[in-house]
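For reference, the structure is listed below as structure tokens.
Number of protein chains: 2
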Amino acid sequence: MTASMPTRTETLSSSIADAILRGEFKPGARLDEQMLADQFGVSRTPVREALRQLAATGLVESRPRRGTVVASVTPGQLDTLFGAMAELEATCARLSALSMSQVERRRLQALHEAMADAVTADDGEAYAGGNQRFHSLIYEGSRNSVLIEMAVGLRRRLEPFRRAQFRSPGRLPRSHQEHGQVVDAILSADAAAAHAAMLHHVSLVEDAFERLPLSVAGPESAGPDADPDASSR
Amino acid sequence: MTASMPTRTETLSSSIADAILRGEFKPGARLDEQMLADQFGVSRTPVREALRQLAATGLVESRPRRGTVVASVTPGQLDTLFGAMAELEATCARLSALSMSQVERRRLQALHEAMADAVTADDGEAYAGGNQRFHSLIYEGSRNSVLIEMAVGLRRRLEPFRRAQFRSPGRLPRSHQEHGQVVDAILSADAAAAHAAMLHHVSLVEDAFERLPLSVAGPESAGPDADPDASSR
DNA sequence: AAAAGCCATCGTGTATGCAATCCTACTTCT
DNA sequence: AGAAGTAGGATTGCATACACGATGGCTTTT
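Chains A and B are the protein sequences, given in the same order.
So for the first sequence, my numbering puts the first residue at 1; every next one is plus one.
So for the second sequence, my numbering puts the first residue at 1001; every next one is plus one.
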């Protein structure tokens, strides 16, 4: 974020976020302020501010007087998050089809073609990297930093659930083919097609994951949860 | 927010936000922590946390070691914000066309018809209230709390720029007619048409405002601002 | 006299201490 | 014996205190 001189709060915010994304702090785990302060060698004050910052991004959940826990995403919430993500990405794809420069379109096409190699080599690692750049290009193509920020935030929030994304056999070629449809639509400036193709693509990613036992419901969510999700705050 | 017992930080957050939205704190104004603490009769600690919270929503901007100021929205940023809003609302309209219940569709239709009275009476106040509910209904129709949260946040952030929204003569009938197209599309479950109609509608609102001298560039933003917006962080 | 460097003052960042609240475990009553 | 009330411990919320960095005015030098 800010470059000048990293304040302890910023450092902590990144460190704790990384720890959560790495799985060192599992969903539902209590984040004791004093414990974190000792662990990172600072006082409670910057820890508190870092936790508030993370709470704003949805990575953790703070309840007044009750402490902070790593956000445990219920299957319903995961569904909602992926759905919002799909819509945002589809919107970015639509806008990309409308307003990408020729240079950007070529760059997208080139990346897509380069990723074909990773597919034939069945190199999931390489493909994941290319995939990241692919979606980033389309974010940028929207020309709207607010949308980009939202999409990046969502993507980051969903990161832990995308780990084994390209593990399932046959997923690489399929993903690449879906990318191809998005690329074709954007290159031919077909906004509706770009929207549809991207929505299809991201929704499939969702399908691949919503059945996995990813999110263990936190030990506190015992109430009769009628709502499929509860992104209140 | 949380219902239990409002913590000082939460109270402050709301109070300061209201003060900003009311215009008591103008864009670019410095928000001195001690000053706010004295003004609200608390210590600096909850003030700091409240400011952090507001910074996360984009209402204020904090720079390390340099203090916090009320976010001054440049015309370019306003454009970006309205654009993102339009896309989000269009997305919600699209989803509403797909997944609204019959009850919801009737409710939407009823509200729309009721708003016709406000149009013939040229009652801008009443129409503004109905307009708010109209858009809220369509948010809810998306069935996606994440999207709703984003849309509500954006709408709140843009609130100060929508004050005189229905002042210009002839705006009411036009807005109502645009609403009609959205309603028709949703009632007939035409997703693409709902998207297009809502995008058109909100974009026109944007057009009506982007030429007004709304945002006075803060006294500090004297640098050569090449970027149309800078929604970093 | 203008520009550059220095010093004082202010404000934020961080640490520490105190008080209120919540959770847990134990006691006690039915 | 089970359940409710209660006391103790633990943790968060808030206040106060200290330290570092930033900003503005002043002195000094060319």
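All residues carry an ideal CB built from backbone N, CA and C; glycine is no exception.
Task: Span of the alpha helix (DSSP H) around R52(A) - done: Along the first sequence, read from residue 1 onward, the residue named residue 52(A) stands at position 52. Note, R52(A): alpha helix (DSSP H), 44-57.
TODO: Taking 8 Å as the threshold, find out whether the stretch 51-71 of chain A comes into contact with the stretch 22-34 of chain A through three or more Cβ pairs.
DONE: yes
Open item on the list: 8 Å is my cut-off, CB to CB: does S13(A) come that close to chain B?
Closed with: Position 13 of the first sequence, counted from the first residue, corresponds to residue 13(A). No - not a single Cβ of chain B is within 8 Å of the one on S13(A).
Task: Beta-carbon neighbours of V1073(B), restricted to chain A and to distances below 9 Å - done: Here residue 1073(B) refers to the residue found at position 73 when the second sequence is read from its first residue. Within 9 Å Cβ-Cβ: nothing; V1073(B) doesn't reach chain A, min ~11 Å.
- [ ] List the residues of chain B whose Cβ lies closer than 8 Å to the Cβ of N144(A), in chain order.
- [x] One-based indexing of the first sequence puts residue 144(A) at position 144. Residues of chain B passing the Cβ test: T1080, G1083, A1084, E1087.
TODO: Classify M5(A) as buried or exposed, calling it buried when 16 or more other Cβ atoms lie within 10 Å of its own Cβ.
DONE: Residue 5(A) sits at position 5 when you count from the first residue of the first sequence. So M5(A) counts as exposed.
Open item on the list: Report the CB separation of D1117(B) from L1172(B) in whole angstroms; it is logged as a contact under 8 Å.
Closed with: Counting from one through the second sequence, the residue named residue 1117(B) turns up at place 117. Counting from one through the second sequence, the residue named residue 1172(B) turns up at place 172. The pair is not a contact, with the Cβ atoms about 11 Å apart (cut-off 8 Å).
Open item on the list: Checking the sheet assignment: what are the DSSP bridge partners for T68(A)?
Closed with: Residue mapping note: residue 68(A) aligns to position 68 of the first sequence, counting from 1. For T68(A), which the question treats as bridged, DSSP gives the partners S62(A).
Task: Beta-ladder partner(s) of R133(A), from DSSP - done: Start at 1 with the first residue of the first sequence, and residue 133(A) comes out as number 133. In DSSP, R133(A) forms no bridge with anything.
- [ ] State yes or no: is the beta carbon of A56(A) nearer than 8 Å to at least one beta carbon in chain B?
- [x] Residue mapping note: residue 56(A) aligns to position 56 of the first sequence, counting from 1. By this cut-off, A56(A) is an interface position.
Open item on the list: Please report the distance separating the alpha-carbon of Q1039(B) from that of R143(A).
Closed with: In the second sequence, the residue the question calls residue 1039(B) occupies position 39. In the first sequence, the residue the question calls residue 143(A) occupies position 143. Roughly 41 Å between the two C-alpha positions.
Task: Coarse secondary structure for R1030(B), derived from DSSP in three states - done: Mapped onto the second sequence, residue 1030(B) falls at position 30. Of the three classes helix, strand and coil, the one that applies to R1030(B) here is strand, per DSSP.
- [ ] Return the CA-CA distance between E1113(B) and A1185(B), expressed in angstroms with no decimal places.
- [x] Taking the second sequence and counting its residues from 1, one reaches residue 1113(B) at position 113. Taking the second sequence and counting its residues from 1, one reaches residue 1185(B) at position 185. Roughly 15 Å separates the two Cα atoms.
- [ ] Assuming E49(A) and E1159(B) form a contact by the criterion Cβ under 8 Å, report the distance between their Cβ atoms to the nearest whole angstrom.
- [x] Here residue 49(A) refers to the residue found at position 49 of the first sequence. Here residue 1159(B) refers to the residue found at position 159 of the second sequence. 27 Å between Cβ atoms; not a contact.
Task: E1210(B) versus I1148(B): straight-line alpha-carbon distance, rounded - done: The residue you call residue 1210(B) lines up with position 210 of the second sequence. The residue you call residue 1148(B) lines up with position 148 of the second sequence. Confidence is the limiting factor: at E1210(B) the pLDDT is only 45, short of 50, which leaves the residue's position unreliable, though a coordinate-based value still follows. Their backbone Cα atoms lie some 24 Å apart in a straight line.
Task: Rounded Cβ spacing between H1201(B) and H1179(B) (contact assumed at less than 8 Å) - done: The count along the second sequence starts at 1 and reaches residue 1201(B) at position 201. The count along the second sequence starts at 1 and reaches residue 1179(B) at position 179. That belief holds up - the Cβ atoms of H1201(B) and H1179(B) are roughly 7 Å apart, short of 8 Å.
- [ ] Compare the C-alpha of P953(B) against each of V1119(B), E1061(B), S1013(B) and name the closest.
- [x] This structure leaves residue 953(B) out entirely; chain B is present only between 1001 and 1233.
TODO: List the residues of chain A whose Cβ lies closer than 7 Å to the Cβ of L1147(B), in chain order.
DONE: Along the second sequence, read from residue 1 onward, the residue named residue 1147(B) stands at position 147. Near L1147(B) (Cβ distances below 7 Å), the residues of chain A are A84, E87.
Open item on the list: So, with DSSP's three-state summary, where would you put G41(A)?
Closed with: Taking the first residue of the first sequence as position 1, residue 41(A) is located at position 41. Reduced to three states, the DSSP call for G41(A) is coil.
- [ ] Please look up how many angstroms separate the CB atoms of G153(A) and S99(A), rounded, as I've assumed it's under 8 Å.
- [x] Mapped onto the first sequence, residue 153(A) falls at position 153. Mapped onto the first sequence, residue 99(A) falls at position 99. 22 Å between Cβ atoms; not a contact.
Task: Cβ of R1052(B) within 8 Å of any chain A Cβ - done: In the second sequence, counting from the first residue as 1, residue 1052(B) sits at position 52. Yes - at least one Cβ of chain A is within 8 Å of the one on R1052(B).
Open item on the list: Could you tell me the alpha carbon to alpha carbon distance between R106(A) and G129(A), rounded to whole angstroms?
Closed with: The residue given as residue 106(A) occupies position 106 in the first sequence. The residue given as residue 129(A) occupies position 129 in the first sequence. Straight-line Cα distance between these residues: approximately 19 Å.
Open item on the list: When you measure from the CB of Y127(A) to every non-hydrogen atom of the ligand MN, does any distance come out below 7 Å?
Closed with: Here there are no bound small molecules, and the ligand MN is not part of this structure.
- [ ] Please list the residues of the stretch 29-52 of chain A that have a C-beta atom closer than 9 Å to any C-beta atom in chain B, keeping them in chain order.
- [x] T45, R48, E49, R52
TODO: Would you tell me roughly how many angstroms separate the C-alpha atoms of G1076(B) and R1162(B), rounded to the nearest one?
DONE: For the purposes of this step, residue 1076(B) is taken as residue 76 along the second sequence, with counting starting at 1. For the purposes of this step, residue 1162(B) is taken as residue 162 along the second sequence, with counting starting at 1. Spanning the two alpha carbons is a distance of roughly 16 Å.
TODO: Below 8 Å on the Cβ atoms is my guess for A17(A) versus L78(A); work out the distance and round it to an integer in Å.
DONE: Taking the first residue of the first sequence as 1, we reach residue 17(A) at position 17. Taking the first residue of the first sequence as 1, we reach residue 78(A) at position 78. With 8 Å as the limit, A17(A) and L78(A) do not qualify as a contact, their Cβ atoms being about 19 Å apart.
- [ ] Please state if the CB of R1174(B) and the CB of L1081(B) are separated by a distance shorter than 8 Å.
- [x] If you number the second sequence from 1, residue 1081(B) lands on position 81. If you number the second sequence from 1, residue 1174(B) lands on position 174. No, the Cβ-Cβ distance between L1081(B) and R1174(B) is not below 8 Å.
Task: Helix, strand or coil at T1007(B) [DSSP, three-state] - done: One-based indexing of the second sequence puts residue 1007(B) at position 7. DSSP places T1007(B) in coil when its eight states are reduced to three.
Open item on the list: Could you compute how far the alpha carbon of R1094(B) sits from the alpha carbon of A86(A)?
Closed with: As a position in the second sequence, residue 1094(B) is number 94, starting the count at 1. As a position in the first sequence, residue 86(A) is number 86, starting the count at 1. Cα-Cα distance, rounded: 13 Å.
TODO: Below 7 Å CB to CB, which residues in the same chain sit around E1125(B) once its five sequence neighbours on both sides are set aside?
DONE: The count along the second sequence starts at 1 and reaches residue 1125(B) at position 125. Correct list: empty, nothing qualifies.
Open item on the list: Quick check on P1160(B) - is its C-beta less than 8 Å from some C-beta in chain A?
Closed with: Numbered from 1 along the second sequence, position 160 holds the residue referred to as residue 1160(B). With 8 Å as the cut-off, P1160(B) does not count as an interface residue toward chain A.
Task: Rounded straight-line distance, which links the Cα of Q1181(B) to that of A1097(B) - done: To locate residue 1097(B), count along the second sequence from 1; it is residue 97. To locate residue 1181(B), count along the second sequence from 1; it is residue 181. Cα to Cα, the separation comes out at about 12 Å.
Open item on the list: According to DSSP, is A1189(B) part of a helix, a strand, or is it coil?
Closed with: The residue you call residue 1189(B) lines up with position 189 of the second sequence. DSSP places A1189(B) in coil when its eight states are reduced to three.
Task: Unbroken alpha helix (DSSP H) run spanning S1101(B), endpoints - done: What you label residue 1101(B) is simply residue 101 of the second sequence in a count that begins at 1. No alpha helix (DSSP H) holds S1101(B); DSSP gives it neither H nor E.
- [ ] Output, in chain order, the set of chain A residues within a Cβ distance shorter than 8 Å of M1150(B).
- [x] Taking the first residue of the second sequence as position 1, residue 1150(B) is located at position 150. Per Cβ cutoff of 8 Å: A84, M150.
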